[in-house]
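This report refers to the structure that appears directly beneath it.
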Amino acid sequence: MSEKNSAQNPVNLCLPDGSVRTFDGPVTGTTLAGDIGPGLLKAALCIKVNGEAWDLSRPIEEDSDVAIVTSRDKEDALDILRHDCAHIMAEAVQELFPGTQVTIGPNIEDGFFYDFARDKPFTEDDLEVIEKRMHEIVARDEEIIREVWDRDDAIAYFKKIGEIYKAEIIADLPEGEPITVYRQGEWLDLCRGPHLPSTGKLGSAFKLMKVAGAYWRGDSKNEMLTRIYGTCWTDKKELKAYLHRLEEAEKRDHRKLGREMDLFHLQEEAQGSVFWHPQGYTVWLQLEKYIRTRLRGAGYDEIKTPQLLDSKLWEKSGHWSKFRENMFVVPDEVPSTDEDAPVLSGDAKLMALKPMNCPAHVQVFRQGIKSYRDLPIRFAEFGCCHRNEAHGALHGLMRVRQMTQDDGHVFCREDQVTEESVAFCDLLASVYEDLGFPEFQVKLATRPDVRAGTDEIWDKAEAALEAALNARGIAFEYAPGEGAFYGPKLEFHLSDAIGRTWQCGTLQSDFVLPERLDASYIAEDGSRQRPVMLHRAILGTLERFIGIMIEHFAGRMPLWLAPTQVVITPITSEADDYAKAVFEKLEAAGLRAELDLRNESIKYKVRDHSHKKVPAILVVGGREAENNTVSIRRLGSNNQSVVDLSEAIDALVTEGTMPDGTASA
RNA sequence: GCCGCCGUAGCUCAGUGGUAGAGCGCACCCUUGGUAAGGGUGAGGCCGGGAGUUCAAUUCUCCCCGGCGGCACCA
């Protein structure tokens, strides 16, 4: 691209409808829009030039495919609006709080944030003031002007005005990258752009959402900045819809539903460990039973290994050096009962609660001599692990310190890795489908900087996982450097009610641990070989997965998982005997039924059980007793239907049957 | 762990420098009501913990602990 293009050279711009407009020389998006029509000029936000978003004020000097972006082009419009909104927020902040430095302010899903450096962090109260000033800046309709600066001048300038973070960002920009600065009114900021032609175009469909701390460059060793999150839309209606969506999502919060449905609780004496109540543990047991069945079907043998293991084993496995800060360490000694003496001497042998099951599984593998004919060996364990998670990380069922994994380890030959990985991906997809999650995201986490094993081994391990994904046509993205120290991993992510994603399933190929813990098998030629170890989990942990399911279903579990599947209740006490008889039949049919003989109105009882998310309510009165029928009302419906009792039971039993994995075949 | 906000009855939340209130829930009584709240009465609180200021602290200050929202970490 030449800046020196002569003005005489005509420029041909090809519009999305295929028509071409010719101009005598360089032309801006504004001119083009005005040329097409005043309505478009008014609506124009920016212009796409050969697929790249440009400012309307930037001259286009060469023949190009162009498209004027208006609020109708949702994605492009939101991109530019949100980014402008971040700039306007930064301008407001610096007007109101002089001395505050700007750092970075990218778009994120549904909005944007901007990180500021300031001695005193912002509070929620500041947001109102900042937001008010932002509306004023929009009303001022300041022209936004793009300038290309010399790199050294830019660094010097930002240093001079005390913006040391900006100066640092510029210094880190790759050589040759043009340094662009945008002015709006008195204010300016380093920015790649593009931006709206003026602040007035932003409109008023934005809102500042929350403040938070965030580390500079995302590194906890760096200073903490203060971050302001905002949301921004093309119009007020969209903003309102978004806020409504957030409210609806909050209603699904598993912590709230967990309390309302009496599923579990947490308390400070056991931070991060769950007290499962009868209703919640029923869900747990059902889920566990289902997974157990699926694992058996996939050739796994279930085992159970110790909680407390000698630190010597963790030293060998590498956990002691790489994972110890997350482990609960327990001294192996009789505590002193002397009131004046310290409880522990401090020099006892150390044990640790297992944070992972893998080293224990290797111990089981190591018993006896294994032949290549034995492989693959697939061990499964509902392994209860403890991890000393940071206090700030704990979050309901989603981040806990005591977790039960649907863990498993496949010991196989190198030539079996891809095959076993494919089988696992199939199993996982089928399980997710059965559980109501046909969609999930996959990441391939590759070698981290600090790792064990040679590059050749890592090449092999990463290629094996990728081959499995490709074999099944599973879309994925790379997560460079995020693999475990012993091997790369596939991460399977699900989303919760408010859009946060959580890693559930995982598949990790490991060439290191078998070596460290000396696992071997006898190969066909009689030589001793190392097996490859595949670490895998489908649900990840039962705790997190149940949390996600609660939110996914908004508490309305499928019948086979629902803690109470059906409630039977009489209209008046005259029907108590019939209700009891129905209840007994339901129980005999294997349904999790509850009998509600409370002296309350039927309205009250229906409401109560609906709140508790009971999937089916059977109401009986004189008419039903006489005809041997029930009036059945399903959760979420305001209607009810009267059916024969036996028919109702059959239907519930059928629907309440655990999936067997054939549904998604 | 870091930054900010918050902590009053089982739950949701009012409130005050002079040791507390509502609704729901719970208990009892009345009510026997055909599908999302029938009525009455009553019991429930070391106002998160500790220190300080004060004649007096649930209220003001400080320190802990915990919760929430992020960050970092992560299944």
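When the letters of the first sequence are read in order and numbered with the working numbering, they come out as residues 11 to 675.
Glycine included, every Cβ here is placed at the ideal spot set by N, Cα and C.
Since we're looking at a predicted model, the values are computed, not measured.
Can you give the beta carbon distance from residue i to residue j, rounded, assuming they're within the 8 Å contact cut?
i           : j           : result
residue 667 : residue 512 : That pair is no contact at about 28 Å.
residue 246 : residue 214 : 7 Å
residue 481 : residue 427 : At roughly 12 Å, the Cβ-Cβ gap does not stay under 8 Å, so residue 481 and residue 427 are not in contact.
residue 110 : residue 221 : No, residue 110 and residue 221 are not in contact; Cβ-Cβ is about 13 Å, not under 8 Å.
residue 356 : residue 389 : With 8 Å as the limit, residue 356 and residue 389 do not qualify as a contact, their Cβ atoms being about 37 Å apart.
Tell me whether residue i sits in a helix, a strand or coil according to DSSP, three-state version.
i           : result
residue 13  : In this prediction, residue 13 scores a pLDDT of 44, lower than 50, which makes its location untrustworthy; the coordinate-derived value is nonetheless stated afterwards. Reduced to three states, the DSSP call for residue 13 is coil.
residue 369 : helix
residue 493 : coil
residue 33  : strand
residue 48  : helix
residue 474 : helix
residue 393 : strand
residue 556 : helix
residue 562 : helix
residue 213 : coil
residue 206 : coil
residue 159 : strand
residue 381 : strand
residue 351 : coil
residue 260 : helix
Taking residue i as the reference, give the member of the options with the closest Cα.
i           : options            : result
residue 396 : 374, 339, 524      : 339
residue 159 : 186, 172, 137      : 186
residue 531 : 385, 646, 606      : 385
residue 552 : 409, 664, 84, 110  : 409
residue 475 : 545, 107, 28       : 545
residue 127 : 554, 363, 103      : 103
residue 290 : 504, 300, 271, 335 : 271
residue 565 : 267, 37, 67        : 267
residue 184 : 171, 358, 162, 357 : 162
residue 22  : 74, 224, 430, 218  : 74
residue 199 : 622, 363, 156, 461 : 156
residue 306 : 434, 350, 413, 585 : 434
residue 29  : 38, 561, 42, 36    : 42
residue 310 : 456, 509, 420, 31  : 420
residue 380 : 315, 534, 406      : 534
residue 515 : 619, 172, 484, 547 : 547
residue 314 : 631, 646, 67, 393  : 393
residue 248 : 590, 120, 588      : 120
residue 584 : 624, 633, 613      : 633
residue 672 : 600, 358, 304      : 304
The alpha helix (DSSP H) with residue i in it runs from where to where?
i           : result
residue 100 : 84 to 106
residue 296 : 288 to 307
residue 524 : 523 to 526
residue 22  : Premise fails: residue 22 lies in the beta strand (DSSP E), 21 to 24, not in any alpha helix (DSSP H).
residue 680 : The displayed coordinates of the chain run from 11 to 675. Any statement about residue 680 would go beyond what the structure contains.
residue 9   : Missing from the structure shown is residue 9; the chain here goes from 11 to 675 and no further.
residue 632 : 632 to 637
residue 145 : 134 to 150
residue 589 : 586 to 598
residue 331 : 329 to 332
Would you say the beta carbon of residue i comes nearer than 8 Å to a heavy atom of the ligand SAM?
i           : result
residue 459 : The ligand SAM is absent from the structure shown, which contains no ligands of any kind.
Start and end of the beta strand (DSSP E) containing residue i?
i           : result
residue 341 : 339 to 341
residue 623 : Element bounds for residue 623: n/a, residue is neither H nor E.
residue 180 : Looking at the DSSP string, residue 180 is not in any beta strand (DSSP E); the run it does join, the alpha helix (DSSP H), is 174 to 182.
residue 58  : 56 to 59
residue 239 : 234 to 242
residue 193 : 189 to 194
residue 185 : Careful: residue 185 lies outside any beta strand (DSSP E) and carries neither H nor E.
residue 505 : 499 to 505
residue 454 : 451 to 455
residue 486 : From DSSP, residue 486 is part of no beta strand (DSSP E); its letter is neither H nor E.
residue 66  : First-last for residue 66: undefined, no H or E at that position.
residue 76  : 74 to 79
Does the structure place the stretch 233 to 245 close enough to the stretch 90 to 101 that three or more beta carbon pairs sit under 8 Å?
yes
Please confirm if the stretch 583 to 601 is in contact with the stretch 535 to 550, defined as three or more CB-CB distances below 8 Å between the two stretches.
no
Between the stretch 150 to 165 and the stretch 103 to 116, can you find at least three pairs of beta-carbon atoms closer than 8 Å?
no
Quick one: any contact between the stretch 52 to 61 and the stretch 204 to 211, if contact means 3 or more CB pairs under 8 Å?
yes
Do the stretch 601 to 608 and the stretch 325 to 332 touch if we need at least three Cβ pairs shorter than 8 Å?
no
Is the stretch 488 to 499 touching the stretch 250 to 264 in the sense that three or more CB pairs, one from each, lie closer than 8 Å?
no
With three or more C-beta pairs closer than 8 Å as the rule, is the stretch 508 to 524 touching the stretch 484 to 491?
no
Counting beta carbon pairs with one atom in the stretch 74 to 87 and one in the stretch 41 to 52, are three or more of them shorter than 8 Å?
yes
Should the stretch 290 to 307 be called in touch with the stretch 362 to 377, which here means at least 3 C-beta pairs below 8 Å?
no
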